[in-house]
Amino acid sequence: VVTAAVIVFPEDRRLWVPQSRRIHVAPISRDGRYSVKGLAPGDYRIIVADPEPQQQFDVQYLSDLFTLATLVSLAEGEKKTQDLRSGS
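At the far end of the sequence shown sits residue 89, using the numbering used here, and the numbering has no gaps.
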C-alpha cells in the first residue's frame, strides 16, 4: 500500500491538462526513494503528497500544492536528485 507519493508538475499552468505527459506521480519506496522518468526539459514543481486517483490532473489541486512545492529545472538529458520532506 502506497501511503505517499511524489507529484511532479510543470511550473507553467497552461500545461496542467488531463493526461499530460509532464505530470507524474511516483510512489515513494520504503527506503524513501522515488524515480520519475521521461520528463521533458523545463521548470517543474515537486512535492510529497497522497493524491486520489487522477487528482494530479485537477487544476485546483495543483494550485493548492503550487506554493508548497519545490521548484526544479530540468535541462535536456539531465538527471537530478531531489531530497524532499513531506509537506515541503
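Glycine included, every Cβ here is placed at the ideal spot set by N, Cα and C.
Tell me the residue span of the alpha helix (DSSP H) that contains residue i.
i, result
"valine 60", "60-67"
Step through the CB atoms of chain C and report whether any lies within less than 8 Å of the CB of residue i.
i, result
"glycine 39", "Absent from the structure: chain C. Only one protein chain is present."
Put residue i into one of helix, strand or coil per three-state DSSP.
i, result
"arginine 134", "Outside the displayed span of the chain (2 to 89) sits residue 134, for which this structure offers no information."
Quick check on the DSSP output: the beta strand (DSSP E) that includes residue i runs from which residue to which?
i, result
"isoleucine 24", "It is not in any beta strand (DSSP E) - isoleucine 24 carries neither H nor E in the DSSP assignment."
"arginine 30", "The amino acid occupying residue 30 in the given sequence is serine; arginine does not appear at that position. Looking at the DSSP string, serine 30 is not in any beta strand (DSSP E), and its letter there is neither H nor E."
"serine 74", "71-75"
"alanine 50", "43-50"
By the 10 Å Cβ neighbour count, where 16 or more other Cβ atoms means buried, how is residue i classified, buried or exposed?
i, result
"alanine 50", "buried"
"glutamine 57", "buried"
"leucine 69", "exposed"
"leucine 63", "buried"
"valine 9", "buried"
Below 8 Å on the Cβ atoms is my guess for residue i versus residue j; work out the distance and round it to an integer in Å.
i, j, result
"proline 11", "tyrosine 35", "No, proline 11 and tyrosine 35 are not in contact; Cβ-Cβ is about 18 Å, not under 8 Å."
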